[in-house]
Every structure is written in C-alpha cells, then in structure tokens.
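Chains as they are written, first to last, in our numbering: chain G, 3 to 257; chain W, 3 to 257; chain P, 3 to 257; chain B, 3 to 257.
For glycine and all other residues, C-beta sits at the position ideal for the given N, C-alpha and C.
The block underneath contains the structure these notes are about, expressed in structure tokens.
Number of protein chains: 4
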Amino acid sequence: MDELDIDVVADVELDDPVLIEGLPGVGHVGSLVAEHLLEEFEAESTLVRRIYSTAFPPQVSVEDGVASLTCTEVYAVTETGGEDLLVFTGDHQAQHGDGHYMLAEAFLDVAESFDVSQCYALGGVPTGELIESYDVIGAVTDESMIDDLEDAGVEFREDEPAGGIVGVSGLLLGLGVRRGVDAACLMGETSGYLVDPKSARAVLSVLETRLGFDVEYDSLDERAEEMEAVMGKIREMESQASMDVPSDDDLRYIG
Amino acid sequence: MDELDIDVVADVELDDPVLIEGLPGVGHVGSLVAEHLLEEFEAESTLVRRIYSTAFPPQVSVEDGVASLTCTEVYAVTETGGEDLLVFTGDHQAQHGDGHYMLAEAFLDVAESFDVSQCYALGGVPTGELIESYDVIGAVTDESMIDDLEDAGVEFREDEPAGGIVGVSGLLLGLGVRRGVDAACLMGETSGYLVDPKSARAVLSVLETRLGFDVEYDSLDERAEEMEAVMGKIREMESQASMDVPSDDDLRYIG
Amino acid sequence: MDELDIDVVADVELDDPVLIEGLPGVGHVGSLVAEHLLEEFEAESTLVRRIYSTAFPPQVSVEDGVASLTCTEVYAVTETGGEDLLVFTGDHQAQHGDGHYMLAEAFLDVAESFDVSQCYALGGVPTGELIESYDVIGAVTDESMIDDLEDAGVEFREDEPAGGIVGVSGLLLGLGVRRGVDAACLMGETSGYLVDPKSARAVLSVLETRLGFDVEYDSLDERAEEMEAVMGKIREMESQASMDVPSDDDLRYIG
Amino acid sequence: MDELDIDVVADVELDDPVLIEGLPGVGHVGSLVAEHLLEEFEAESTLVRRIYSTAFPPQVSVEDGVASLTCTEVYAVTETGGEDLLVFTGDHQAQHGDGHYMLAEAFLDVAESFDVSQCYALGGVPTGELIESYDVIGAVTDESMIDDLEDAGVEFREDEPAGGIVGVSGLLLGLGVRRGVDAACLMGETSGYLVDPKSARAVLSVLETRLGFDVEYDSLDERAEEMEAVMGKIREMESQASMDVPSDDDLRYIG
C-alpha cells in the first residue's frame, strides 16, 4: 500500500454537491452528524470511495467476525430534498501532523473530482462544563460567508475557538481556501466529557437550514436520552458533593 | 540499509503453504505458538528469510556474546503431517504506525513469493481478569471462512475484539484481503497480565484441527505450570486481601 | 500541499536587509520583539511571504470567524531610520526535529532571495527565578562579531546557555554559518514562567543600538505593567509563605 | 541541509585504523573513553570529518559565545604507540529509530573510506546498584573474536546484556556484520545513576591491551574522585536510612 490509497467503489453523478466531513473528535459531534445523515438517507446513499492511509492507526475493526482496514468512507447522497451531499466519515483521524495534512489534501482531491465547491467540516467545541443550550460556533474561509450562516443560527465570536481548530476539520478550511473552495467549520458546543447527540442535533439543524433537506431525529434523540441519564447521574453526584461545600459552580449546573 | 531489507537465507519448495504469524503481543500468545511450532518441528524447519527494517527498534539482541540485528525470521516447515507452513517470528513489532504497514506488506510479499494463499495471524485478546477457560476468538477477511473455523472451536462474537485488532496481525487481514489472500486472526483469551502458555495451547489446538498436524505440548505445559505457580501466588494475595472485604470479584476468581 | 510551500505575497526592494526571527519560545521574548517592531513600523511594513509546512501543527487559527492556516509570515520593513528589516514571525514552531531543520533552511532561502547577509535570532533564556535586571545573553556564528555586540550591551558568558540553543533560533546560527551568513542569537533573560515584555524590551534596546532605529515602548510597557501585577501577586504569595520559614531565596526576591 | 551531511575537514593517511565509537549513553562511559583518548593523544589527533544530520536534536551548542551545530566529530589518531584510531564522538545520539540506523550506516561509510576493518563500540551497562568492581561485558559480531577479548579481560555472559544493545553502538555491530566489518561492543558495568569515570577506565584498559597503546589516567582519576565524593554521600544517606531498618541491600552496598 502507498501512504495514500483511494479505492473507487462506485461513481455517482452529483449536482453541485456539498462536502460534509464528520470524523471523530470532541464529543463525537462531527461523526454523529455524518452517521445520522447516512442513516436517515440510507436509501439515497452510495459508498463511492474508500480512502486508506498509512497515517491511520495500523489496525482493523471487526464486525460480526469480519475485519476491515481503517479508512475514511465517502458516500454520495442524492434526492435529499435539498442539496446533493458528499459525506466523509470513519472511525479514525490521522496519527501524526504530516498525516493530517496528507488526508485533508486527499479529501479535497476527492471533492474536486466530484466538483464540490462548498464544504462543511463538522466538530465539537469543548466548554468544559455541562451545558443546557447548544450553540453552534462557526469559522469560515471567507468573511462573505458569515451573514448567511448567522441567519441559520451560527454564532461567530471574536476569540473562539481560542486554540484554533486542530485536525482535518481545520485543515479543510486552511487548505481549501488555497484551492478556491468555500469552506465552513460548524462546531457544536459540548461539555467535551461525553458523546453528545444534542450538540450533533444543533449542528444538523444548521445544515438543514442551509442545505434545504429535512431529517427525522428519533434515533439521535434516543441516544440523547441515554446520555441524559448518564448526565443526570453526574449531576446527582455533583449535587451530593455540593451538600457539604456548595459553590458557584454547583449552582450554575443544577440551579 | 534501506528502510526494508529482505535477506534470502535459503529457498525451500513448499506445497501450498499456510502463513503463520506469531510476533510479540498481548500475553505473548502469538510468539509462544510460533516458537513452539518451530521447536516441535525443529528437524523439519529451515530458516528461509530474514526481514530487517529501520522501523524496528534500533537494537541488537545478544546470545552467548554474539549480537544479531533485530529482524523477523521466516521459517519453512515441511512434513508436518499436515499442511506445509511458513512461520514468521521475531522479538519485536514495528515502532510506529507507518512501519506496521510497511512490515505487513513485506510479510505478504514474502508470502506471495512462496504462493501462500491462506494466512493465520496469531495473538491474544486481553480479558483483564484471570481466566479458567481459554476460548479462541476469531476474525476473518471473508464471512465464508467462519463456518470451518467455528467447527475447529473458534468463537465469533458480535462486538469482539471491541477495539479492533492493532499491529501486524490486524494488518495481515486488512491488507491481505486487498491482495486476495484469505486471512484469519486467532486470538487466545488471556488475562493480559502474564505470558500465557495456556492461551497459546488453545490457539495451537485450533491450528492442529485446521491444518492437520499433531504436536506434543510438554514444554508448553511446563511453562504453563510455572505461570500457574505465579498465578497461584496472585490468587493467594487476592484471597488474603478479600479476607477483610470480600467482593464479587474475589468469589468469581477463587470460588 | 508539499511539506514546504512558500507563497510570494509581494515583492519589495530592500537595501542590505537584516533578518529578525521572532517565533514563540521561552517567555515569548522573540515573538514579543517581532510583533512590537511590526506594530511600531506598521506603515513601513509589507507582508512579502507566507511559509506553510506540514511540519507545523495541523491547525488553523480563527480571528473574527475567519480561519487561516498556520504559517510563518515574513514582513519587509523599510524606512526604519536605520537598517531595512526582514521580520519572521508566527504562532508556531515546527512539531518535530526534522521539521525544525527544514524550516530553518526555508528561512535562510527566503533571506538569501532578499540578499540578507546578517541575521538576528531572538529568544529568551530561562533563569528559573523572578529577576530584576534583564541582561541579554549572546551567541554568534563567528568570534569576530562579539566585540560590537558587547558594545551594544550583550553579554557573552563562558558556559551559557548551558543546554545550547534549541529550535529554529539555534539552527539559524548552526545552518547559517554553513551558508556564509553572519548570525547572532540574542536571548533576553527571563524567569521562564511568564510572557515577559521587560525581557523583550531589553532585547529591542540591543537591536536599536545595532541597527540604528528608534521605537516607542508604550504598548510594551503596558503589557509589562500587566505582567508586573501578576508578578506582584506571586511575590506576595512567596512573601506570605516565607513568614513561617524565611529563606535566602525569599530575601533575594523581595529584599 | 540533507538528512545527512558529511563534511570533509581534513584527510589523513591511516594504517589499518580501528574505529572507536564513544557517543553519550549509560553512565557516559563511551563518551568519557573517547574524550579521554582525544585528550591524551591531542598532538596526534586530527579532526577529519563532521557528520551532520536532521536526526540529531535541532540545536546548537555554545562555547565562549560561539555556536556550533550538533554533529558527530571524527578524529584520526596516529602514532599512538599501537594501532591507528578513528574516533567518533559528539554530544548527541539520534532522536528517533530511523535516525539511529541512518547514522550507524554513515559511521560505517566513513569507516570504509578509511579502510577500517575492526570496530569498537563503547558504552555502559547499568547494574542498578553502586558497584565496587568494574567488569567489562562484551558482545561481538563473530564468535571467533571472543577468545582474544577474554584474554584482555572482557567477560562474555550467557544472557547479558539482557535487553540487548540499543542505539548506535548496537547497530554498529548489527549493520557492521552485514558489511563484513568485525565489530565488538565493550560495555563497562556502571550503576547507571552517575557519570562513571571508573567504568570508563576499565573499558580503556581493555582497549590498551587490545590495541597496544598506553595512556595516562590522571584527569580521569580526578573526575573519578569527584564522583567518588558524590557516591560517598549517597552511601552515607543509605547508611542512615538503614539505621532504622537494615536490609540485605544495605549490607551489600556498605559491607
């Protein structure tokens, strides 16, 4: 295998498709969104590419006893009711800095071969505390994109995310702009401690508005309820701990 | 030296040989099996290749004062009573992700030059607790291989191994399937805390059934008894600890 | 993107310019100096190059919602009242050893294309304790440069910095000398615990003397005062701690 | 700079020279020996090569204010009273596994250009405890070399060093044998906690016997006395600690 191998699984005609990148990251927000889209549009989705790389962890995943090599899968989604989509998803990010650059370029190469001119990199932004209201923070390659995204509910803040955007999501913007691709990163706020379906829902809602499709949220809401139960227990433990020494933080969380 | 150097030590005619990979890993299960096979078939084994790589640790091992560079050794084994074997063994895995990919490809290159069409990657799967009954978990490149392996006692479980298979064993499956090689990974259950000859015996027993040879287990049983003594001490310590506060775990182990 | 990409943003005629390198490091001394120069000479500065590399962290920074890929920016500064300058600045150093070498060579390539023959690499040298008097320690590529720098207040000490100079600043000297570039490293003493505008001022003062320009210090002094407040609190805490067991160290700091 | 740059500083005719490698490592035994040889034979030594590499740490050392890039220096030593020497010394080993392989090959390339046919890699082997008697452990590329080295006082032990030999010293043997170079590693026993001039002396004494030269030990003995003072304090502290609970270990050390 070369350090990068792109398998052509199928070819599908897409009409001015929009790239959606949802790899694992903070709160698994990006991958939850990508997986949910592929679940909801299962009948309309076709696996078109598999991207293998020696920059991925040297491992296979096993499902029902059958092993498959770590890769990024690319799905073409048509007849969404809105824009056609090209969805990038998988179980792993690259393992080192050079690999992140190589994979982001590979993603943009595939995007180019499908004439993608618009790109959404999805992720989570950690707040460090349990949250009630799920804002979506944005970053773009060009200032002119901000207004439309603000209309769809995205917030742009002067100094956020403070540490910049790390990994393939950041590079899709950083390298995309150098190729003339308009790219936005949508980051759902999330505590950062748990897989966060609610944050994923907030991001999905922005995509619906921007891209003109509608999806059901049942399965995502179910996962959210499971997580809610976990979070309930955490709050309970915090509440008991605060019996002895109540603090501002406890009041904010439980209030 | 190039990043990969394959020394041809000897050439042996093999009849449709089966690749056996047993490099160090969890519980040293894979390397115990490979070493035991080479011990039992000493008279029938020929060292045919040495695979050197800058991806191995930069070190030599020393035996009776003579140094030898870290490598993977490949032995051809004939007249086993069953299938001919091509056994890969050594003291080290690659040191980084890219190196794992490079070595797995090199193993498959050597296999191809001997017309191997079937491959067993051996390893251990950690259970995190001392165990009584040594199951062997399987993973395969193609669903069609499952029935025969189940007949030989291998278990296939929906979500195991949970984290996938890491290292050269996983990659022999992940990269093998891309070259048309049927590959299975046999993972002996093991606590993960100790070198585990009993787990190795369970894996060997599957290989006997599948590949039609018979081996003695005396030396392996001896090592198992030594380990049993160690485990006995561990149980004793647990038992004493549980005098004060008995727990479910203690009951399960000692019962 | 290649492992190194140098974007030509503009070209400016410079008269025998002096390279100033101020990347992040101990006490952020180097980057404070570079930023302050660009602030003070804003009207006289032109962004001429952006140096991108896969050796940088795989990330974008975000300002007012707009993302930009990690890079080193190179500014041409004219009409300083003294020498023309070529200032290298940015948010990140390379992530690994090989990358440091690659970037330092790239810096020297850019310098060569502007006919730079003199180079100042800026940084901090950690003393491990809060300090009152900010000396600037020097290192050079050729003994003949020492006298002039000593006249400008730089100190050369037998065994300092003890551990040598790590990162791009050190390599500009180590690789520069192999290309016939006279290079000096100016290291402001700093505790190493805090961003240190006072140490930056000491280094700037040497540059003023050597390169014949004058800059205002207001904004740097403001930052120094903010830091002074932080340091004041640290001293206070030390003072309280020393109530119980006064030590030589406390006396030295507080005196 | 390329990943490897070998500067030819001078060329010296050598008569069947012996390679001596003494880079930093356990107890700094190897580098102490190399430095002592160059000190004692100062008048007979000529710097012939500098080996630069991006695998070294990205740093310069500074002496009297003048910076020099990390490298391995190679000295030709003639008129020793015994064999001519080619001594490899420097402040750093490679920073990663691939780099160790690259540098060891570079060392052997230089050795070949001087028609070296015999190689001594020097180092320390950690015992983990303070020691009284300084044995020298050996490892060789070919069994036939053992007798002569045993005659010179080197010990060859069945399972030592247990973990093999890591770094450039090990690779000079592992890669040397593949090029037809006879190589031995001489490892002075050392606690592993301190720079150990006594261990260096033991190794030097073997080299004297094997290579037919004589050196003074005054400067090495001075350093040994300084270290002895440090070790004395350690013993004292151990002794005091053992007042309360004497143990076998204490008895062994203090006797």
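Counted within 10 angstroms of its Cβ, other Cβ atoms place residue i as buried (16 or more) or exposed
i        : result
B:Pro181 : The amino acid occupying residue 181 of chain B in the given sequence is Arg; Pro does not appear at that position. Result: exposed.
P:Ser47  : buried
P:Leu173 : buried
B:Leu253 : Reliability fails at B:Leu253, whose pLDDT of 36 lies under 50, so the model's placement of it is uncertain and no value is given.
W:Ser241 : exposed
B:Met189 : buried
G:Val50  : buried
P:Lys200 : buried
B:Gly24  : buried
W:Gly140 : buried
G:Gly130 : exposed
W:Glu191 : buried
P:Ala185 : buried
G:Ser171 : buried
G:Asp117 : exposed
G:Asp33  : Going by the sequence as given, residue 33 of chain G is Ser instead of Asp. By the 10 Å Cβ count, G:Ser33 comes out buried.
B:Ser63  : buried
P:Glu85  : buried
B:Ala226 : buried
B:Asp250 : With a pLDDT of 43 at B:Asp250, under the threshold of 50, the predicted position of this residue should be treated as unreliable, and no value is reported.
P:Val232 : exposed
P:Gly165 : exposed
Beta-bridge partners of residue i, as assigned by DSSP
i        : result
G:Leu206 : The partner list for G:Leu206 (beta bridge, DSSP) is empty, contrary to what the question assumes.
W:Met229 : Answer by DSSP bridge pairing: none, since W:Met229 is not bridged.
W:Gly126 : W:Gly190
B:Gly140 : B:Leu188
P:Gln242 : None; P:Gln242 has no bridge partner.
W:Leu6   : W:Ser55
W:Ile167 : G:Val62
W:Ile22  : W:Val89 and W:Tyr122
W:Ser70  : W:Ser63
W:Tyr77  : W:Leu49 and W:Val89
G:Val31  : Beta-bridge pairing links G:Val31 to no other residue.
P:Val156 : P:Val138
Candidates the options, of which the one nearest residue i by Cα
i        : options                                   : result
W:Gly67  : B:Ile236, B:Met104, B:Asp161 and B:Phe215 : B:Asp161
G:Leu88  : G:Val208, G:Val179 and G:Ile22            : G:Ile22
W:Phe58  : B:His98, B:Pro60 and B:Glu75              : B:His98
B:Leu132 : B:Asp184, B:Gly234 and B:Gly178           : B:Gly234
W:Thr215 : W:Ser171, W:Ser221, W:Thr82 and W:Gly194  : Rather than Thr, the amino acid found at residue 215 of chain W in this sequence is Phe. W:Phe215 has its Cα closest to that of W:Thr82, out of W:Ser171, W:Ser221, W:Thr82 and W:Gly194.
W:Val76  : W:Glu85, W:Val127, W:Val14 and W:Pro60    : W:Val14
P:Gly29  : P:Ser63, P:Gly169, P:Glu65 and P:Val197   : P:Val197
B:Asp9   : B:Asp111, B:Tyr136 and B:Arg203           : B:Asp111
B:Ile5   : P:Gly101, P:Asp4, P:Val11 and P:Gln95     : Reading off the sequence shown, one finds Glu at residue 5 of chain B, where the question assumed Ile. When each option's Cα is compared against that of B:Glu5, the closest is P:Gly101.
G:Glu218 : G:Pro26, G:Glu37, G:Leu16 and G:Val20     : G:Glu37
P:Ala78  : P:Val64, P:Ala113 and P:Ser63             : P:Ala113
B:Asp7   : P:Ser193, P:Glu134, P:Leu177 and P:Arg203 : P:Leu177
W:Ala45  : W:Gly126, W:Thr80 and W:Tyr195            : W:Thr80
B:Asp163 : W:Asp17, W:Ser70, W:Gly27 and W:Val208    : The identity of residue 163 of chain B in the sequence shown is Pro, whereas the question assumes Asp. When only C-alpha atoms are compared, the closest one is W:Ser70.
P:Val127 : P:Tyr195, P:His94, P:Gln61 and P:Val208   : P:Tyr195
B:Val11  : B:Asp18, B:Leu175 and B:Arg52             : B:Arg52
P:Asp150 : P:Ala96, P:Leu209 and P:Val168            : P:Leu209
Listed by chain order, chain A residues near residue i by CB distance under 7 angstroms
i       : result
P:Gln97 : Looking at the structure shown, chain A is missing, and the protein chains on hand are G, W, P and B.
Distance between beta carbons of residue j and residue i, contact taken as under 8 angstroms
i        : j        : result
P:Tyr270 : B:Thr56  : Residue 270 of chain P lies beyond the range of chain P shown here (3 to 257); nothing can be said about it.
P:Leu124 : P:Val31  : 7 angstroms
B:Val138 : B:Val205 : 6 angstroms
B:Leu155 : B:Thr211 : The sequence given here has Gly at residue 155 of chain B, not Leu. The pair is a contact, with the Cβ atoms about 7 angstroms apart (cut-off 8 angstroms).
Near the ligand MN: residue i beta-carbon under 8 angstroms from a heavy atom
i        : result
G:Leu151 : Only the bare structure without any ligand can be found here, which leaves the ligand MN out of the picture.
**Prompt:** Can you find at least 3 beta carbon pairs, one from the stretch 135–145 of chain G and one from the stretch 32–46 of chain P, that sit closer than 8 angstroms?
**Reply:** no
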